[in-house]
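Asks:
Number of protein chains: 2
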Amino acid sequence: MSTTLSPATDTPPRHSPARPCRVEDVPQWDIETDVAVIGFGAAGSCAAIEARTAGADVHVFEVAAAPGGSASWSGGEVYVGGSGGTRVQREHGFEDSTEDLYTYLMMAGGPGADAERVRVYAENAATHFDWLEAQGVPFKGTYLPGKWIEPTTDDTLLWSGSEAAWPFSTRAKPAPRGHTAQFKGWGGGKVLMEKLCARAEALGAVVHCNARALSLIVDKTNRVVGVIVRIDGAERFVRARKGVLLCAGGFIVNRDMVARFAPGALACSEVVSGGNDDGSGIRMGMSVGGATIHMDQFFATIPFFPPESLVKGIFVNARGERFINEDAYHGRVGHYVLRQPEGKAWLLVDNEIFGRPVIQPDIEVAAVGESWSEIERELGLPADSLVHTVTTFNRHATEGRDPLFHKATNWLRPLTEAPFAALSYCIGDLKAHAFTMGGLHTLPSGEVLDADGQPIAGLYAAGRSACGLPRWGEGYSSGMSLGDSTFFGRQAGLAAARR
Amino acid sequence: MSTTLSPATDTPPRHSPARPCRVEDVPQWDIETDVAVIGFGAAGSCAAIEARTAGADVHVFEVAAAPGGSASWSGGEVYVGGSGGTRVQREHGFEDSTEDLYTYLMMAGGPGADAERVRVYAENAATHFDWLEAQGVPFKGTYLPGKWIEPTTDDTLLWSGSEAAWPFSTRAKPAPRGHTAQFKGWGGGKVLMEKLCARAEALGAVVHCNARALSLIVDKTNRVVGVIVRIDGAERFVRARKGVLLCAGGFIVNRDMVARFAPGALACSEVVSGGNDDGSGIRMGMSVGGATIHMDQFFATIPFFPPESLVKGIFVNARGERFINEDAYHGRVGHYVLRQPEGKAWLLVDNEIFGRPVIQPDIEVAAVGESWSEIERELGLPADSLVHTVTTFNRHATEGRDPLFHKATNWLRPLTEAPFAALSYCIGDLKAHAFTMGGLHTLPSGEVLDADGQPIAGLYAAGRSACGLPRWGEGYSSGMSLGDSTFFGRQAGLAAARR
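Heads up: the sequence lines are chains A and B, in that order.
Per UniProt numbering, the first sequence starts with residue 1, numbered consecutively.
Per UniProt numbering, the second sequence starts with residue 1, numbered consecutively.
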């Protein structure tokens, strides 16, 4: 061998999320509690509420200076329905059966969808909405029609996924299921989290901010019995009699982890995070043998609308061919855009529907012309490729149908009013927004599972530290992560408290 | 909550791969060695050879009754080149620079390609071939032109990947790099493994067959110091002074693990395995905090040729559109076929190139007709979709070019000789063959890394128990797994022995 590989050093840091501490090495217990919750975001707050309600002592450790986690930077939208419809769905005439919700979520979960988890959620999502209201989260109760990335009005109910789009609409009756906390402007998540965190504290959860969890503590049988937390610069040994709950978010801001586990997400320049999704919760779970699943999956949205008129445009690739029904959820469209050959894709529009995307107004206009053949030439596409695509689309659209990609009728309109343009969604021009979906493998109860699928005693996870309902980039819908985090955060809090 | 979640039971089996044993609980050491190798396949045999050559005591534990692992059921093809070419490449006029091999392997590794690993391999692959010959593996030294899934002649050198196909050929000068052990018929892997295993034994490695590794043994610092093995029905405690090497294969025969970690592979009905790729090596690594990467990735081939004339056909989907340059590696084509909408794809052929695929002769002929519009109607495709695709392809092929999919000139021929046919590669009709590519995260030295990227002292992995060169289904080439397993098995053996 001409190359000598130098072995890496063997000296890890004193306490790291990747290495558990043995209980024999604990000098003293600084804090004793029934349940230790790591992270005070959507999952952690709901876990704390349920664990306190069930009578357990609860300490919450939040790395940030303030509560709320990434959820407080979100739109505050929760994906719920089923059981005939939530109060708000029913008031606005949308019936929503549990089976339709179940079928949609199973499709949205992709090849790895977890039928047991989806079933529990579908059966209980509507009452979960009532529960959120009962915690004090305000929902105005109004319906906002149309297609939005996130509402800037204070309305409640909106279409937030691919429900009305092919192929989802062919198997599950569509209904709007995004339910947004009442707030004007961007960022209803702030309201949602203020209420949930306040509720947890009112119920007696002891909350430590600026508190970084360093390492899990295990006994001889690998049971998790506590956690080391750094508070005010000092290591505190926390005993958790009933369990430790990892609700510490995903790993999108940890670029090393993204490169290692979800390298596809490196194509996305923007992160959807409050800033602390560093994967430490997931790494702590792995340190005691917790299995991770679907770590490669991520949300990747390309907010090419509003204005919603742009949804009437068509995406083409470097072959001049369409590749997606453009009325699918923007995160699904995003994944299809990112995987096109040579990283090239354009949105074709005509004068009637043109508008600058509100979220990326400086989008590159790659070509403008009086005819589609001019656009085709300007983009350097093979002769007659784009022209054939647009001609076919226009002919079908005039007939009110899209036999190739099944875009819904209300978004079909021939692109015939010159001038025409191609907006660039090529790598380099587009700004994709990402968060990670993979995480610890858990039961719906939040129990973390090892490589054999057996629970690790004393360890629970929820929210993006776990792999929950969102586990397939192409299937995500807005509100699914908050719905999952709040609902399964509750389950984990309950399961630990009842232990 | 209307649903009560029942927590799972807490009683795991006494010893399981997913739970390490503490050294305090070891009653006695039944076997003491420097290096314990789990699995006597491609990686394990080469690890044993190098560790013995470096002077270490080596015990090998193989779960099967006979040595060889899955490699002995393979074609016995090793993907090597670079350094100007192997002896055989040079003899047949193929120069192969290290940079071209490096570039190709980086492309083949996909978004998660490991530059350090690829660099080490590219620089040493040609001498690795010499090393294999020096161990006694016979290579006839002849070149077999054409396009094969696996040679049935006893020739050495063949084109075994996507080297000559777009987009690979645009960035790396192509060369044939598959080097096959001399054997007539299917299954040169038998010869390869007989030689390597015999060599390891001749060097003094002590080999235990029918020996199932149950659980790793760790000390207080989480250092791996041994392994529990069941031999002849009894648990044996094996002390490994220098390290335990996990060379126990992938997880394709463990359907629970496939469903959990690589659910996309469930679409493949056939496994590529000697039968013991049960993931136990990976699970043992996870049990001590080893990180896994790219667990969702898998090899999925659809052996639609030979006869190689079929490569001149074109694949279309339910939109009547092409989706891949058909001269790409069959495993790459396989992944594209599997992801088509509604799981539908057909290979279009004319009378001139028709032949029944040798490996799936009972392939469903979904349509036969005197014109392409007849085929289009029989398949139920949108009017003028398939006809336009074939017309465009034929026009370009007549001109000797494929501006849309960049199929290489030698595979371009217009499909104009009636009758025409469509062979079904729809889900249900196709038989895809799969193995898993995800595994433990390691350094090129084989050291297993934890969730923070730090080595776990005393633990090494190679072959499909690790995530090596093959880590992206769309980029695999025949011989890459054996090349990786034998080469990085050697590195792990060396690194452990030198510890």
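Note that beta-carbon positions come from the ideal geometry of N, C-alpha and C, so glycine has one too.
All values reported here derive from a predicted model rather than from experimental measurement.
Using a Cβ-Cβ cut-off of 6 Å (strictly less than) and excluding sequence neighbours within five positions of Y336 (chain B), which residues of its own chain qualify?
Replies: In the second sequence, residue 336 (chain B) corresponds to position 336, counting from 1. Cβ within range, chain order: F323 and I324.
Asks: Rounded to whole angstroms, what's the CA-CA distance from D130 (chain A) to A328 (chain B)? Just pull it up for me.
Replies: For the purposes of this step, residue 130 (chain A) is taken as the residue at position 130 of the first sequence. For the purposes of this step, residue 328 (chain B) is taken as the residue at position 328 of the second sequence. Going from the Cα of D130 (chain A) to the Cα of A328 (chain B) covers about 54 Å.
Asks: Hey, would you say the C-beta of T416 (chain A) is under 7 Å away from at least one heavy atom of the ligand GTP?
Replies: In the structure on display, the ligand GTP does not appear, and there are no ligands present to speak of.
Asks: Just to confirm my understanding: we take P111 (chain A), look at its own chain, exclude 5 residues before and 5 after, and list those with CB closer than 8 Å. What are they?
Replies: Indexing the first sequence from 1 puts residue 111 (chain A) at position 111. Excluding sequence neighbours, P111 (chain A) sits near W472.
Asks: For a cutoff of 8 Å on Cβ pairs, would you count G264 (chain B) as touching chain A?
Replies: The residue you call residue 264 (chain B) lines up with position 264 of the second sequence. Yes, because at least one Cβ of chain A sits closer than 8 Å to the Cβ of G264 (chain B).
Asks: Could you tell me how far apart the beta carbons of D277 (chain A) and V253 (chain A) are, in whole angstroms, since I believe they sit closer than 8 Å?
Replies: For the purposes of this step, residue 277 (chain A) is identified with residue 277 of the first sequence, where counting begins at 1. For the purposes of this step, residue 253 (chain A) is identified with residue 253 of the first sequence, where counting begins at 1. With a Cβ gap of about 5 Å, D277 (chain A) and V253 (chain A) count as contacting.
Asks: Could I get the ranges of all uninterrupted beta strand (DSSP E) runs contained in the region 362-425 of chain B, with 3 residues as the minimum, in chain order?
Replies: Qualifying beta strand (DSSP E) stretches, in chain order: 365-369 and 420-424.
Asks: Determine the extent of the beta strand (DSSP E) in which Y79 (chain B) is found, giving its start and end residues.
Replies: The count along the second sequence starts at 1 and reaches residue 79 (chain B) at position 79. E77 to Y79 is the extent of the beta strand (DSSP E) around Y79 (chain B).
Asks: Can you tell me the Cα-Cα spacing of C46 (chain B) and H441 (chain B), whole angstroms?
Replies: Here residue 46 (chain B) refers to the residue found at position 46 of the second sequence. Here residue 441 (chain B) refers to the residue found at position 441 of the second sequence. Taking the straight line from one Cα to the other gives about 20 Å.
Asks: By the criterion of Cβ-Cβ separation under 7 Å, what are the contact partners of F261 (chain B) in chain A?
Replies: Indexing the second sequence from 1 puts residue 261 (chain B) at position 261. The answer, in chain order, is I293.
Asks: Leaving out the 5 sequence neighbours to the left and right, which residues in its chain are closer than 7 Å to I282 (chain A) when beta-carbon positions are compared?
Replies: By one-based count along the first sequence, residue 282 (chain A) stands at place 282. If we look at I282 (chain A) and ignore the five residues flanking it on each side, its Cβ neighbours are F251, T292, G439, L440 and S465.
Asks: Whole angstroms are fine: how far does the CA of G463 (chain B) sit from the CA of D484 (chain B)?
Replies: Taking the second sequence and counting its residues from 1, one reaches residue 484 (chain B) at position 484. Taking the second sequence and counting its residues from 1, one reaches residue 463 (chain B) at position 463. Looking at the two C-alpha atoms, the distance is approximately 7 Å.
Asks: Note down, in chain order, each residue of its chain lying with its Cβ closer than 6 Å to the Cβ of S16 (chain B), except the 5 sequence neighbours on either side.
Replies: Taking the first residue of the second sequence as position 1, residue 16 (chain B) is located at position 16. Counting only Cβ-Cβ distances below 6 Å, and skipping sequence neighbours, we find nothing.
Asks: By alpha-carbon positions, which one of B:A134, B:S373, B:A198 and B:A113 ends up nearest to A262 (chain A)?
Replies: Locating residue 262 (chain A) in the first sequence gives position 262, counting from the first residue. Comparing Cα-Cα distances from A262 (chain A) to each of B:A134, B:S373, B:A198 and B:A113, the minimum goes to B:A113.
Asks: Can you give the Cα-Cα distance for P357 (chain B) and F305 (chain B), rounded to whole angstroms?
Replies: Here residue 357 (chain B) is taken as the residue at index 357 of the second sequence, counted from 1. Here residue 305 (chain B) is taken as the residue at index 305 of the second sequence, counted from 1. Each residue's alpha carbon lies about 5 Å from the other.
Asks: Grab me the residues of A435 (chain A)'s own chain with a C-beta within less than 8 Å of its C-beta, minus the 5 sequence neighbours each way, in chain order.
Replies: Sequence index remark: in the first sequence, residue 435 (chain A) carries index 435 (1-based). According to the sequence as given, residue 435 (chain A) is Phe; it is not Ala. S70, G250, I252, V271, V272, S273, D277, F298, F299, R464 and S481, listed in sequence order.
Asks: Please confirm whether Q360 (chain A) and P303 (chain A) have their CB atoms less than 8 Å apart.
Replies: As a position in the first sequence, residue 360 (chain A) is number 360, starting the count at 1. As a position in the first sequence, residue 303 (chain A) is number 303, starting the count at 1. The answer is yes: Cβ separation under 8 Å.
Asks: Tell me, to the nearest whole angstrom, how far the beta carbon of G204 (chain A) is from that of D256 (chain B); I am working on the premise that it is less than 8 Å.
Replies: Numbered from its first residue, the first sequence carries residue 204 (chain A) at position 204. Numbered from its first residue, the second sequence carries residue 256 (chain B) at position 256. Contact flag wrong, Cβ pair sits at about 41 Å.
Asks: Could you tell me whether any Cβ in chain A is nearer than 8 Å to the Cβ of D10 (chain B)?
Replies: Your numbering for residue 10 (chain B) matches position 10 in the second sequence. Its pLDDT being 46, under 50, D10 (chain B) is placed unreliably by the model, and the measurement read from it follows with that caveat. True, the Cβ-Cβ gap to chain A drops below 8 Å.
Asks: Around the C-beta of G458 (chain B), are 16 or more other C-beta atoms found within 10 angstroms, so that it is buried, or is it exposed?
Replies: Position 458 of the second sequence, counted from the first residue, corresponds to residue 458 (chain B). G458 (chain B) is buried by the Cβ-count criterion.
Asks: For D402 (chain B) and L101 (chain B), I'd like the C-alpha separation in whole angstroms.
Replies: Taking the first residue of the second sequence as 1, we reach residue 402 (chain B) at position 402. Taking the first residue of the second sequence as 1, we reach residue 101 (chain B) at position 101. Their backbone Cα atoms lie some 26 Å apart in a straight line.
Asks: The alpha helix (DSSP H) that contains Y476 (chain B), what's its start and end?
Replies: To locate residue 476 (chain B), count along the second sequence from 1; it is residue 476. Premise fails: Y476 (chain B) is in no alpha helix (DSSP H) and is neither H nor E.
Asks: Is the beta carbon of V229 (chain A) less than 8 Å from the beta carbon of V244 (chain A)?
Replies: Taking the first sequence and counting its residues from 1, one reaches residue 229 (chain A) at position 229. Taking the first sequence and counting its residues from 1, one reaches residue 244 (chain A) at position 244. Going by C-beta atoms, V229 (chain A) is not nearer than 8 Å to V244 (chain A).
Asks: Out of B:H208, B:T221 and B:A259, which one is the CA nearest neighbour of V238 (chain B)?
Replies: Here residue 238 (chain B) is taken as the residue at index 238 of the second sequence, counted from 1. Out of B:H208, B:T221 and B:A259, B:H208 has the C-alpha closest to the C-alpha of V238 (chain B).
Asks: Taking only beta-carbon positions, decide if E321 (chain B) is within less than 8 Å of chain A.
Replies: One-based indexing of the second sequence puts residue 321 (chain B) at position 321. For E321 (chain B), the answer is yes, since a Cβ of chain A falls inside 8 Å of its Cβ.
Asks: So, is the C-beta of S162 (chain B) closer than 8 Å to a C-beta in chain A?
Replies: Within the second sequence, numbered from 1, the residue matching residue 162 (chain B) stands at position 162. So, not an interface residue.
Asks: Under the assumption that T391 (chain B) contacts D350 (chain B) (Cβ atoms under 8 Å), give the Cβ distance between them as a whole number of angstroms.
Replies: Along the second sequence, read from residue 1 onward, the residue named residue 391 (chain B) stands at position 391. Along the second sequence, read from residue 1 onward, the residue named residue 350 (chain B) stands at position 350. Not quite, the Cβ-Cβ distance comes to about 13 Å (not below 8 Å), so this is no contact.
Asks: Can A248 (chain A) and V227 (chain A) be called in contact, C-beta distance under 8 Å?
Replies: Within the first sequence, residue 248 (chain A) is the residue found at index 248, counting from 1. Within the first sequence, residue 227 (chain A) is the residue found at index 227, counting from 1. No, they are not a contact pair.
Asks: Would you say N222 (chain A) reaches chain B, if we count a Cβ-Cβ gap shorter than 8 Å as a contact?
Replies: Here residue 222 (chain A) is taken as the residue at index 222 of the first sequence, counted from 1. With 8 Å as the cut-off, N222 (chain A) counts as an interface residue toward chain B.
Asks: Using DSSP with H/G/I as helix, E/B as strand and the rest coil, what is S269 (chain A)?
Replies: Here residue 269 (chain A) is taken as the residue at index 269 of the first sequence, counted from 1. In this structure, S269 (chain A) counts as coil in the three-state DSSP scheme.
Asks: Please check the pair I149 (chain B) and A267 (chain B), which I expect to be a contact at CB under 8 Å, by giving their CB distance rounded to whole angstroms.
Replies: The residue labelled residue 149 (chain B) in the question sits at position 149 within the second sequence. The residue labelled residue 267 (chain B) in the question sits at position 267 within the second sequence. About 19 Å; that fails the 8 Å criterion.
Asks: Relative to chain E, which residues along the region 444-471 of chain B have a C-beta separation below 7 Å, given in chain order?
Replies: Judged by its chain identifiers, the structure shown contains no chain E, and its protein chains are A and B.
Asks: Grouping DSSP H, G and I as helix and E and B as strand, with all else coil, what is D30 (chain A)?
Replies: In the first sequence, the residue the question calls residue 30 (chain A) occupies position 30. In the structure shown, D30 (chain A) sits in coil (DSSP, three-state: anything other than H, G, I, E or B).
Asks: Taking M107 (chain B) as the query, report the chain A residues whose CB atoms sit under 9 Å from its CB, ordered along the chain.
Replies: In the second sequence, the residue the question calls residue 107 (chain B) occupies position 107. Ordered by position in chain A, no residue passes the 9 Å Cβ test against M107 (chain B), which lies about 13 Å from the chain.
Asks: Mind checking whether V23 (chain B) and D219 (chain B) have CB atoms under 8 Å apart?
Replies: Looking up residue 23 (chain B) in the second sequence gives position 23. Looking up residue 219 (chain B) in the second sequence gives position 219. In this structure, D219 (chain B) lies closer than 8 Å to V23 (chain B) by Cβ.
Asks: Among residues of its own chain, excluding the 5 on either side of T389 (chain A), which ones have a beta-carbon nearer than 8 Å to its beta-carbon?
Replies: One-based indexing of the first sequence puts residue 389 (chain A) at position 389. Here the set comprises I314, V316, G320, E321 and R322.
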